[in-house]
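Asks: After the structure tokens below, expect a handful of questions from me.
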Amino acid sequence: DYLELEGLSPWTANQYIATASWFLDWLDGKKLAEVDLDDVTSFLKSQKDAKKLSGPSVAKYLASIRKLLQSHGIQLNWANLPKVRQWSQFKPVVLSRETVDEIIHSAPTTTKKLMLWLGYEAALRSGELVVVKIRDLNLRNPDRASIYIVPEKKGKTSEIPISTPLALELSKYIISLQRHPEEYLFHSEAGGPFDNGRFASDVFRVLAKRAGKDCRYHDFARHSRITHLLTGGMDIYKVSKFARHASLSS
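And the structure:
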């Protein structure tokens, strides 16, 4: 209950809560009142290395920790913390369409295969992918199928087209699930929705390495998909709208 969730999107709120939980687990019993900047720095670096986080992603983790500590009346000298947006040394990677297909079809389960397929086709951020609900899919006509995406950042809900083959596979998958439309489309082996960070770092990176690529899920679903659309001839303004960028410069 430490978060003031008003004004935050559901994705952002869930990320703040998840990050706070990871930080508390990482402290391993240490009291919040005893936390210092060294603890925060060590935690952030451990998460960056384990999950190959970008600088902006590390900054989001930091924002959650700051809210957690501030809600308990704990003030640290944040000005002495290194500029976390400069921590990331990872450069964007663009995969070939053949490598994208190889990664998708190497998935060990139907669930993970469809997650990767949908994530790539709709250029979904990992945080958007794990919170897709069955109701968000429009599959009545497979030839004009689409997905409604609630942005992880502030903005309007977008309708993104998906291919007929993917629509048919998703339809069969949903029938087999026998779940309510309000439920999440993808569930982990544990039975609940996938954890955003763990899917991107554990599930995707394992499959990417099998394909001989050391890259992030973001490279796969965002950088590669957007590049493929541009090189395929789609107008840059349409690509920007498809990718749900805040501005053309993004």
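Here the sequence shown stands for residues 1042 to 1291, numbered as in the numbering used here.
Where is the CB? At the ideal position from N, CA and C, for every residue including glycine.
If distances are taken between C-alpha atoms only, which option among L1122, I1216, T1205, G1274 comes closest to S1083?
Replies: L1122
Asks: Assuming L1226 and K1174 are in contact, meaning their beta carbons sit under 8 angstroms apart, how far apart are those beta carbons, in whole angstroms?
Replies: About 6 angstroms; that satisfies the 8 angstroms criterion.
Asks: Enumerate in chain order the residues of its own chain whose CB-to-CB distance from L1180 is below 7 angstroms, with the five nearest sequence positions on each side excluded.
Replies: A1186, A1208, L1211, S1212
Asks: In chain order, which beta strand (DSSP E) runs of at least 3 residues are fully inside the segment 1164 to 1196?
Replies: 1187 to 1190
Asks: Under the three-state reduction of DSSP, which class applies to S1281: helix, strand or coil?
Replies: In this structure, S1281 counts as helix in the three-state DSSP scheme.
Asks: Thinking just about the alpha-carbon of each residue, which of F1245, I1201, S1229 is nearest to the one in R1285?
Replies: I1201
Asks: Using a Cβ-Cβ cutoff of less than 6 angstroms, which residues in the same chain neighbour S1291 once the five nearest sequence positions on both sides are dropped?
Replies: Low per-residue confidence applies at S1291: pLDDT is 48, beneath 50, and the placement is therefore not dependable enough to give any value.
Asks: Would you list the residues sitting across from S1199 in a DSSP beta bridge?
Replies: I1190
Asks: Under three-state DSSP, which class holds H1113?
Replies: H1113 carries a coil assignment under DSSP once its states are collapsed to helix, strand and coil.
Asks: Please go through the same chain and pick out, in chain order, the residues whose beta-carbon is closer than 6 angstroms to the beta-carbon of E1047, but skip the five residues on each side of it.
Replies: A caution first: E1047 carries a pLDDT of 49, below 50, which makes its placement in the model too unreliable to give a value.
Asks: Quick check: what's the CA-CA separation for Q1056 versus S1217?
Replies: 30 angstroms
Asks: Could you name the residues of the same chain whose beta carbon sits closer than 6 angstroms to that of T1152, not counting the 5 residues immediately before and after it, in chain order?
Replies: Once the five neighbours on either side are set aside, the close Cβ partners of T1152 are F1227.
Asks: For the alpha helix (DSSP H) that contains A1161, what are its first and last residues?
Replies: In the sequence on display, residue 1161 carries Tyr and not Ala. That run of the alpha helix (DSSP H) goes 1151 to 1162.
Asks: Residues in its own chain within less than 7 angstroms of Y1214 by CB, not counting five upstream and five downstream?
Replies: In its chain, beyond the 5 residues on either side, T1151, L1155 have a beta carbon closer than 7 angstroms to the beta carbon of Y1214.
Asks: If we count the other Cβ atoms within 10 Å of its Cβ and call it buried at 16 or more, is L1110 buried or exposed?
Replies: buried
Asks: Evaluate Y1278 with the Cβ neighbour count: other Cβ atoms within 10 Å of its Cβ, from every protein chain shown; 16 or more gives buried, anything less gives exposed.
Replies: exposed
Asks: Quick check on D1069: buried or exposed, where buried means 16 or more other Cβ atoms within 10 Å of its Cβ?
Replies: exposed
Asks: Give the range of the alpha helix (DSSP H) segment to which S1087 is assigned.
Replies: 1078 to 1092
Asks: Since E1235 contacts F1245 with CB under 8 angstroms, what's their CB separation in whole angstroms?
Replies: For the record, residue 1235 in the displayed sequence is Phe; it is not Glu. Actually they are not in contact, since the Cβ atoms of F1235 and F1245 sit about 11 angstroms apart, beyond 8 angstroms.
Asks: How many angstroms separate the CA atom of Q1059 from the CA atom of N1237?
Replies: Reading the sequence as shown, one finds Ala at residue 1059 and not Gln. Their backbone Cα atoms lie some 9 angstroms apart in a straight line.
Asks: DSSP three-state label for P1097, please.
Replies: helix
Asks: To which residues does DSSP link P1225 through a beta bridge?
Replies: Residue 1225 is actually Tyr in this sequence, not Pro. Paired residues: K1174.
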